[in-house]
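Quick notes on the structure that follows.
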Amino acid sequence: MIAGAAALAATALPAQAQFASITGFGDSYADTGGAPGGAFRLANRPCIYAPYCSFTGGTTFVQSLQSIYGLPGMTNYAIGGARTDNTNTLVALPTIAGDPSSIAPINPPLGGFPYELWQLAVNGTRFTARDLIVLSIGGNDESYMTGADSIATVNARAILAAQNAVFGGIAVDGFVTGGAQQLVAAGARNIAWLGTGNSKWFPEPPNGTALSTTQRDAWANTYLEQTQLMLRPLALAGVRIFMFDFGVLQERVANNPGMYGFTSATNCEAGSGTPGVTPGSVVVNKVGCFYQNSVHPTAAAMALIATYMANQIDAPTTVVPQGRITTSVASGFATSVFGRLDAYRTFQPYGIGSAMAMAHAPTKAMPIKGPVPIAPGSRWSMFSEVGYSGGTQDRQFYAAGYDLHAVGGTLGVEYRLDPTVRLGAVFGYSEPHVDLSVQNARNNINAYQFAGYASYTDMNWFADGLLAYGRQDFALVRNGVIDTVHGGTSADTFTAAAKGGWLTDVGLFRAGPIASLAYTHANIHAYTETGDSLLTMMVDRQALDNLTGGAGLQVRLPVLLSTGVYNPFVNVTAEHDFLGSGRVVTTTQVTAPLLPVLTPVPDASGRTYGKVAGGVAAIVAGNVSATVNAATTFGREGGNDFGVSGGIRVAF
């Protein structure tokens, strides 16, 4: 059952992996048997669970992560039994498969984590951000403890193990290894670290009854905390470290194995045990156990661990799109306001142009030179629009792709100060729904927008300006492993935008250059997710700025029909992002509070793409008019936005 659940969770992840390779380091939890590591390979001994050369009876969490991310290859440096000080708990192994009596010492002795790092240096291997580094180390160091150790001694042993794991300093064949720092120096930027857990939950804890539960708790807690504390400077420098607290999962399975589809945990082994060693209280050869043997989870349990770790790794990618979503909603609102102003330029005194006025003047007289006075009753108007908008974003390395769809509307009032100037205020409300490409994540948003604007039009020139504030309330949902993870936050946006142009008569057309500039500042508030504590994140506040300029052409074609003058327009512009919302998104796993995960969001400045907008306004009856507008971007790297709206206006 759990294998099926893990597989289902894995398929919810994107098929196109964000990583190009996976490399494993550490102990038997990570040891797949492959070169240049592999305890059985290095010891030249037969694999216990052939054809698998692991200690789980099947695959490890490393292989499960490889499968989840669809990676074609994997490199294994891990060695079963490895300690942080370059010693190894495996001093003897059978020379004949399946024959415990053939156990013989391993000569030369197997190395530990420093040996793996020495091998890495000898190979000259370099990593990039596209390489996922997975690590499990430290658990075997607990075997140094004795029942006579005080808690202070236990803590000191755990601190030393953490120092070895993170800082190294142990020489191998003349090379001074550097622990996890050496991996970072080799280019590692994404590290998934499987915590040691707590040995009290094992069917056969190391050193048996010689160690107390208090000692085991102290070692596990100190090692986990100190490892985080020592890794913290790397995390703050931008190395993304995902620490999985295995002890939390162990306790859950021990208390309720059925939660994950297991039948038993602490007193149950799927393997045959070790004659004369395995306690009689432990049931062996039992299907559905969490553990394969004394201290190693089964392949199904490893798949569960990998599913959790992949969820942790991918979770920040569901946060990154919030920036573009927020600014997209704000800019879409500004675009709709400007579109309506463009459409209603039809009814300005100069809106139809000199050529149109001449063509339809009864006496063929020259066009008017000055504005037509406005009747006092038509200075005020109210308007309302409904609209549908959407947008897409392709998956990026650190950002989930998404599809956005929104239905909304606006309500506003406008005052014509004189024949050339219009002032107005508008309120907008929309409900964007966003489907993300990772973890079946969804964002449901309530967006509120308020704007004041001014518009000027004379014989050839026009200029529009807008100031807007927006509030967006996010309800966030994403898939976990056994439940759904929820989050909620809000964003405040401030937009200042301007648009202008110069139009002249070209035959029966009105045409000319137009330009625009729009600036949006957004603040997305911090929040903490709720749900499975192994997966939930604390998300820091995000601040971003977006500045986009556009330049192009507007073309109008005034048409006189029996129902009035129609003046449809089309804008075609090249848009350029001068500020592209580059920033760092900071998330922190609730169970690893000392390790913030800093996810870089590239600055999209310098990007140029196209935009086309069009619309028309017409008299419906008397003082009632209607508009239809549409706009879309095109050729924008990663995805485009679009919107269409229609509305009515009543003048009085």
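With the working numbering, letter number 250 in the sequence shown gets 274, and the count goes up by one each step, no holes.
Glycine included, C-beta positions come from ideal geometry on N, C-alpha and C.
These numbers come from a predicted model, not from an experiment.
### Rounded straight-line distance, which links the Cα of residue 296 to that of residue 122
Translated into the one-based positions of the sequence shown, residue 122 becomes position 98. Translated into the one-based positions of the sequence shown, residue 296 becomes position 272. Looking at the two C-alpha atoms, the distance is approximately 11 angstroms.
### Message
List, from N- to C-terminal side, the beta strand (DSSP E) runs of 3 residues or more that fit wholly inside the segment 562-589.
### Response
566-580, 583-585
### Query
With a CB to CB cut of under 7 angstroms and the five nearest residues on each side skipped, what residues in its chain are close to residue 674?
Counted from its first residue, the sequence shown places residue 674 at position 650. Taken in chain order, the residues that qualify are 405, 406, 647, 648.
### Query
How about residue 133: is its Cβ closer than 6 angstroms to a heavy atom in the ligand ADP?
With respect to the ligand ADP, the structure offers nothing, as it holds no ligand at all.
### Query
So what's residue 513 in DSSP terms, helix, strand or just coil?
On the sequence shown, position 489 is the one that residue 513 refers to. Looking at residue 513 - three-state DSSP - the assignment turns out to be strand.
### Query
Whose C-beta lies closer than 8 angstroms to the C-beta of residue 583 among residues of the same chain, with five residues either side of it excluded?
Numbered from 1 along the sequence shown, position 559 holds the residue referred to as residue 583. Answer for residue 583: 589, 590, 591, 592, listed in chain order.
### Query
Between residue 669 and the rest of its own chain, which residues show a CB-CB distance below 6 angstroms, the 5 nearest in sequence each way excluded?
On the sequence shown, position 645 is the one that residue 669 refers to. These residues qualify, in order along the chain: 360, 409, 411, 653.
### CA-to-CA distance, residue 549 to residue 605, given in whole angstroms
Your numbering for residue 605 matches position 581 in the sequence shown. Your numbering for residue 549 matches position 525 in the sequence shown. Rounded to whole angstroms, residue 605 to residue 549 spans 16 angstroms at the Cα level.
### Query
Three or more C-beta pairs closer than 8 angstroms, one from the segment 548-564 and one from the segment 329-349: is that the case here?
yes
### Query
What three-state label does DSSP hand residue 340 in the structure shown?
For the purposes of this step, residue 340 is taken as residue 316 along the sequence shown, with counting starting at 1. Helix.
### Any beta strand (DSSP E) of 3 or more consecutive residues that is wholly inside the segment 427-506
445-460, 466-481, 485-503
### Task
Pull up the DSSP beta-bridge partners for residue 149, would you.
As a position in the sequence shown, residue 149 is number 125, starting the count at 1. For residue 149, which the question treats as bridged, DSSP gives no partner whatsoever.
### Task
Rounded to whole angstroms, what's the CA-CA distance from residue 554 to residue 430? Just pull it up for me.
Translated into the one-based positions of the sequence shown, residue 554 becomes position 530. Translated into the one-based positions of the sequence shown, residue 430 becomes position 406. Taking the straight line joining both Cα atoms gives about 26 angstroms.
#### Entry: Other residues of its chain near residue 133: CB distance less than 8 angstroms, five sequence neighbours each side excluded
Position 109 of the sequence shown, counted from the first residue, corresponds to residue 133. Cβ neighbours of residue 133 beyond the five flanking positions: 111, 112, 115.
### Task
State buried or exposed for residue 418, treating a residue as buried only when at least 16 other CB atoms are found within 10 Å of its CB.
Position 394 of the sequence shown, counting from 1, holds the residue named residue 418. Exposed, because fewer than 16 other Cβ atoms sit within 10 Å of the Cβ of residue 418.
### Query
Excluding five sequence neighbours on each side, which residues of the same chain lie with their C-beta closer than 6 angstroms to the C-beta of residue 562?
The count along the sequence shown starts at 1 and reaches residue 562 at position 538. Cβ within range, chain order: 552, 612.
### Simplified DSSP state of residue 393, which is helix, strand or coil
In the sequence shown, the residue the question calls residue 393 occupies position 369. With a pLDDT of 44 at residue 393, under the threshold of 50, the predicted position of this residue should be treated as unreliable, though the coordinate-derived value follows. Three-state result, residue 393: coil.
#### Entry: Spatial distance of residue 336 from residue 617 (CA atoms)
For this step, residue 336 is matched to residue 312 along the sequence shown. For this step, residue 617 is matched to residue 593 along the sequence shown. One C-alpha to the other measures close to 13 angstroms.
### Task
Compute the Euclidean distance between the alpha carbons of residue 386 and residue 483, then round it to the nearest angstrom.
Taking the first residue of the sequence shown as 1, we reach residue 386 at position 362. Taking the first residue of the sequence shown as 1, we reach residue 483 at position 459. Residue confidence is low: residue 386 scores 45 on pLDDT, short of 50, so the model does not pin down where it sits. Its coordinate-derived value is still stated next. If I take the Cα positions, the gap works out to 21 angstroms.
### Query
So what's residue 676 in DSSP terms, helix, strand or just coil?
Counted from its first residue, the sequence shown places residue 676 at position 652. In the structure shown, residue 676 sits in coil (DSSP, three-state: anything other than H, G, I, E or B).
### Query
Under three-state DSSP, which class holds residue 53?
To locate residue 53, count along the sequence shown from 1; it is residue 29. It is coil, neither helix nor strand.
### Residue nearest to residue 162 in terms of C-alpha spacing, selected from 52, 264, 120
For the purposes of this step, residue 162 is taken as the residue at position 138 of the sequence shown. The residue with the shortest Cα to Cα distance from residue 162 is 52.
### Query
Going by the CB atoms, is the gap between residue 462 and residue 342 shorter than 7 angstroms?
What you label residue 342 is simply residue 318 of the sequence shown in a count that begins at 1. What you label residue 462 is simply residue 438 of the sequence shown in a count that begins at 1. Yes, they are a contact pair.
### Query
Do you know offhand how far residue 437's Cα is from residue 367's?
Here residue 437 corresponds to residue number 413 of the sequence shown, with the count starting at 1. Here residue 367 corresponds to residue number 343 of the sequence shown, with the count starting at 1. Near 16 angstroms, if we compare the C-alpha coordinates of residue 367 and residue 437.
#### Entry: Residues bridged to residue 541 (per DSSP)
Position 517 of the sequence shown, counted from the first residue, corresponds to residue 541. 522, 573, per the DSSP bridge assignment.
### Task
Using only alpha-carbon positions, find the residue among 508, 421, 570, 480 that is nearest to residue 557.
In the sequence shown, counting from the first residue as 1, residue 557 sits at position 533. Residue 557 has its Cα closest to that of 508, out of 508, 421, 570, 480.
### Query
In whole angstroms, what is the alpha-carbon distance linking residue 182 and residue 254?
Numbered from its first residue, the sequence shown carries residue 182 at position 158. Numbered from its first residue, the sequence shown carries residue 254 at position 230. Residue 182 and residue 254: Cα-Cα distance of roughly 12 angstroms.
### Query
Helix or strand or just coil, what does DSSP make of residue 282?
Here residue 282 refers to the residue found at position 258 of the sequence shown. Note: residue 282 maps to helix in three-state DSSP.
### Query
In chain order, what residues of the same chain lie with their CB nearer than 6 angstroms to the CB of residue 211, ignoring the 5 residues before and after it?
For the purposes of this step, residue 211 is taken as residue 187 along the sequence shown, with counting starting at 1. Result list for residue 211: 150, 151, 152, in chain order.
### Three-way DSSP call (helix, strand, coil) for residue 548 in this model
Looking up residue 548 in the sequence shown gives position 524. Three-state DSSP puts residue 548 in a strand.
### Message
So, with DSSP's three-state summary, where would you put residue 270?
### Response
To locate residue 270, count along the sequence shown from 1; it is residue 246. Looking at residue 270 - three-state DSSP - the assignment turns out to be helix.
### Message
Could you tell me the alpha carbon to alpha carbon distance between residue 31 and residue 459, rounded to whole angstroms?
### Response
Residue 31 sits at position 7 when you count from the first residue of the sequence shown. Residue 459 sits at position 435 when you count from the first residue of the sequence shown. Bear in mind that a pLDDT of 43 at residue 31, under 50, signals an unreliable position, so the model cannot answer this.
### Query
Are the beta-carbon atoms of residue 267 and residue 217 separated by less than 7 angstroms?
Mapped onto the sequence shown, residue 267 falls at position 243. Mapped onto the sequence shown, residue 217 falls at position 193. Result yes, Cβ atoms of residue 267 and residue 217 sit closer than 7 angstroms.
### Query
What residue from 543, 289, 265 has the CA that sits closest to residue 274's CA?
What you label residue 274 is simply residue 250 of the sequence shown in a count that begins at 1. Out of 543, 289, 265, 289 has the C-alpha closest to the C-alpha of residue 274.
### Query
In three-state DSSP terms, what is residue 625?
For the purposes of this step, residue 625 is taken as the residue at position 601 of the sequence shown. Here residue 625 sits in strand by DSSP.
### Message
Using 8 angstroms as the cut-off, can you tell me whether the segment 134-144 makes contact with the segment 96-112, which would need three or more C-beta pairs spanning the two stretches below that distance?
### Response
yes
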